[in-house]
Amino acid sequence: MTSLTSTVPVPSGGAQRTVVPWAKAGIIFKASLTPGSAYVAIMVTGSHGIRMQDDFTGDIAGPAMRAGWLRLVRAGATITGYGSPDGVRWTRVGTVTLPELPPTVPGGLFATSPQYSQTSDGVASISGSPSQSTAVFGQVTLTWHGSTWTGTNVGGSSGGAAGPGTGYSRTGSGFAITGSGDIAPATSGASGIGVTIAQTLSGVFIALIILAVIGAMFITAEYRRGLIRVTLAACPRRGQVLAAKAAVIGLVAFAAGLAGASVAVPLGQRLLRSHGAYVWPVTALTELRVIVGTAAVIALCAVLAVAIGTVLRRGAAADAAVIALIVVPYVLTVPIPVLPLGVADWLMRVTPAAAFAVEQTVIQYPQVDDVYAPAYGYYPLAAWAGFAVLCAWVALALALGYVTLSRRDA
Amino acid sequence: MIEVRKLRKRFGPALALDGMTFTALPGRVTGFAGPNGAGKSTTMRVILGLDRPDSGTAVVEGQPYRSLEDAYLELTRDSAEFQETAPSPSG
Chain A
60 MTSLTSTVPV
70 PSGGAQRTVV
80 PWAKAGIIFK
90 ASLTPGSAYV
100 AIMVTGSHGI
110 RMQDDFTGDI
120 AGPAMRAGWL
130 RLVRAGATIT
140 GYGSPDGVRW
150 TRVGTVTLPE
160 LPPTVPGGLF
170 ATSPQYSQTS
180 DGVASISGSP
190 SQSTAVFGQV
200 TLTWHGSTWT
210 GTNVGGSSGG
220 AAGPGTGYSR
230 TGSGFAITGS
240 GDIAPATSGA
250 SGIGVTIAQT
260 LSGVFIALII
270 LAVIGAMFIT
280 AEYRRGLIRV
290 TLAACPRRGQ
300 VLAAKAAVIG
310 LVAFAAGLAG
320 ASVAVPLGQR
330 LLRSHGAYVW
340 PVTALTELRV
350 IVGTAAVIAL
360 CAVLAVAIGT
370 VLRRGAAADA
380 AVIALIVVPY
390 VLTVPIPVLP
400 LGVADWLMRV
410 TPAAAFAVEQ
420 TVIQYPQVDD
430 VYAPAYGYYP
440 LAAWAGFAVL
450 CAWVALALAL
460 GYVTLSRRDA
Chain B
14 MIEVRKLRKR
24 FGPALALDGM
34 TFTALPGRVT
44 GFAGPNGAGK
54 STTMRVILGL
64 DRPDSGTAVV
74 EGQPYRSLED
84 AYLELTRDSA
94 EFQETAPSPS
104 G
């Protein structure tokens, strides 16, 4: 590997040289030339050094070099990759076991260049285009008797610009290979394809607004009419009053959320698919987690409204607080993604809206360049961690509600 | 039996109760009269645990009202005071 250079198209026409971090070129063994078949490869990348990757999701980091010597050694199902700056001193990058690889495999040189995307603000302003990378292999000798080199564009040219310019040419003792597209796991998102089942639940925020109003009214209406004094005279243990109200609204909201999500998720998927959208498939268990998790988020949001209503005692103020805490961060991050990604990411970590991570169904791969935004189903926290953030908010609000309700004159 | 001892309660500049003390015995009709602003309602609210006195105590059947297990049952079981002390919605 002598060099790896990448270009992206510019709006005015032509191409601009740039660094595509996950452009890759190197040696590959692949079960067949069919996209999706098993493979193992050792490669130089745009800015992530030498890597050894296998079967789409495997990724092992090697020495940080932008050019150098690569070696892939196969012994049965065990393949070991090496990198070297000079062809003399070799560093073992990694060893993988790939039983799916047939006894005889095509082996060769490859170059890939993933979709390139960038954003200055929110997801709404993402721009991207296919990139193209050229790898120069300086010295290539074939010692396998009876073999010759052939060149193939593997995969479709659905990326648009992938067609022209890609291919290979001989350069003295080696090759120059130009590629576009990627050998990597598919992702949702700006550089990826499809939508997640969370898309079917983007209307949940409307339910949240309604339940925030009902939840807050559960206690603020009593303050407004002075009924709270009758309630507290009949049930003097104030903690019990708050706990009972929270339990009732929580269970009712959970049941309503469960009913809504149980219909919306399967129906929404059918609608999306019937209109030609690619919806990321999930297991039944994951779908159940998304449905039950969303119902639990709705329930806890209603409890949060009761707790905040207890502290503030005014319906409008409590509604505003709940909507500002959970609905606004969610809406501006997922259904209408206008916030800068850094802000969106931060909001989805610290606000109660972090709990929408229960709708996470896709995996973020560090070795795949993409805009991993909540709008595409990538939440910064794991499902349980995001849910725990909401639980912490609810616990804090209930504690504050209990203290204020107990101390204050009714 | 309702026992009120040295209740003191201030609302901002207004001193509503200052050393209010009395005992209402069970089985008797006890009147509770006074001019506007004398502190009748405040006393009732303190007895019912709705307002927290600045100092002093008010106990019903020997216990603060707020610690009664089930206020309604305990009060209607053997005394008639509850009807007299039931708060009106407007306080």
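Just so you know, the protein sequences line up as chains A and B, in that order.
Numbering follows the numbering used here, with no gaps: position 278 of the first sequence is 337.
Numbering follows the numbering used here, with no gaps: position 90 of the second sequence is 103.
Just so it is clear, CB atoms sit at the ideal spot from N, CA and C, and this is done for glycine as well.
Would the C-beta of residue i count as close to the ligand GDP, meaning under 6 angstroms from any of its heavy atoms?
| i | result |
| --- | --- |
| A/Ala412 | Absent from the structure shown: the ligand GDP. Ligands present: none. |
Tell me the DSSP secondary structure of residue i in three-state form.
| i | result |
| --- | --- |
| A/Tyr424 | coil |
| A/Gly374 | helix |
| A/Leu455 | helix |
| B/Ser80 | helix |
| A/Val338 | strand |
| A/Thr77 | strand |
| A/Leu449 | helix |
| B/Arg65 | coil |
| A/Ser465 | helix |
| A/Trp405 | helix |
| A/Pro388 | helix |
| A/Pro68 | strand |
| A/Trp443 | helix |
| A/Ile269 | helix |
| A/Ser321 | helix |
| A/Ala134 | strand |
Note down, in chain order, each residue of its chain lying with its Cβ closer than 8 angstroms to the Cβ of residue i, except the 5 sequence neighbours on either side.
| i | result |
| --- | --- |
| A/Ala469 | Ile287, Arg288, Leu291 |
| A/Gly167 | Ile86, Ile87, Trp208 |
| A/Val79 | Ser65, Val67, Gly105, Ser172, Pro173, Tyr175, Ser190, Ser192, Asp428 |
| A/Ala90 | Ser96, Ala97, Tyr98, Glu159, Leu160, Pro161, Val164 |
Taking buried to mean at least 16 other C-beta atoms within 10 Å of its own C-beta, is residue i buried or exposed?
| i | result |
| --- | --- |
| A/Ile252 | exposed |
| A/His334 | exposed |
| A/His46 | Only positions 60 to 469 of chain A appear in the structure, and residue 46 of chain A is not among them; the question remains open. |
| A/Gly73 | exposed |
| A/Ile236 | buried |
| A/Trp128 | buried |
| A/Ala473 | Outside the shown range of chain A, which is 60 to 469, sits residue 473 of chain A, and nothing can be said about it. |
| A/Ser247 | buried |
| A/Pro388 | buried |
| A/Gln198 | exposed |
| A/Val69 | exposed |
| A/Trp443 | exposed |
| A/Leu449 | buried |
For residue i, which residues from the same chain have a beta carbon less than 7 angstroms from its beta carbon, with the 5 sequence-adjacent residues on both sides left out?
| i | result |
| --- | --- |
| B/Lys22 | Ala29, Leu30, Thr55, Val59, Asp64, Pro66, Asp67 |
| A/Thr369 | Ile278, Leu301, Gly460, Thr463, Leu464 |
| B/Phe45 | Lys53 |
| A/Leu157 | Ala97, Val99, Asp113, Asp114, Ala136, Ile138 |
| A/Thr211 | Leu92 |
| A/Gly224 | Gln191, Thr237 |
Determine which residues share a DSSP beta bridge with residue i and list them.
| i | result |
| --- | --- |
| A/Leu363 | None; A/Leu363 has no bridge partner. |
| A/Thr154 | A/Thr139 |
| A/Ile101 | A/Ile86, A/Met111 |
| B/Ala71 | B/Val17 |
| B/Lys22 | B/Leu30 |
| A/Phe234 | A/Phe196, A/Arg229 |
| A/Ile287 | A/Ile287 is not bridged to any residue. |
By Cβ distance, which residues of its chain are closer than 6 angstroms to residue i, with the 5 residues on each side in sequence left out?
| i | result |
| --- | --- |
| A/Leu131 | Ile86, Ile101, Gly140 |
| A/Val312 | First, the amino acid is wrong: residue 312 of chain A is Ala here, not Val. Hits under 6 angstroms: Leu270, Ile357, Ala358, Ala361. |
| A/Arg297 | Leu464, Ser465 |
| B/Phe142 | Nothing about residue 142 of chain B can be reported from this structure: the residues present for chain B run from 14 to 104 only. |
message = Counting only Cβ-Cβ distances shorter than 8 angstroms, please list the residues of the segment 279-312 of chain A near chain B, keeping chain order.
response = Arg284, Gly285, Leu286, Arg288, Val289, Leu291, Ala292, Ala293, Cys294, Pro295, Arg296, Arg297
Positions along the segment 17-33 of chain B whose CB lies within less than 8 angstroms of some CB in chain A = none
task = Give the residues from the segment 444-457 of chain A that approach chain B closer than 8 angstroms (Cβ to any Cβ), ordered along the chain.
result = none
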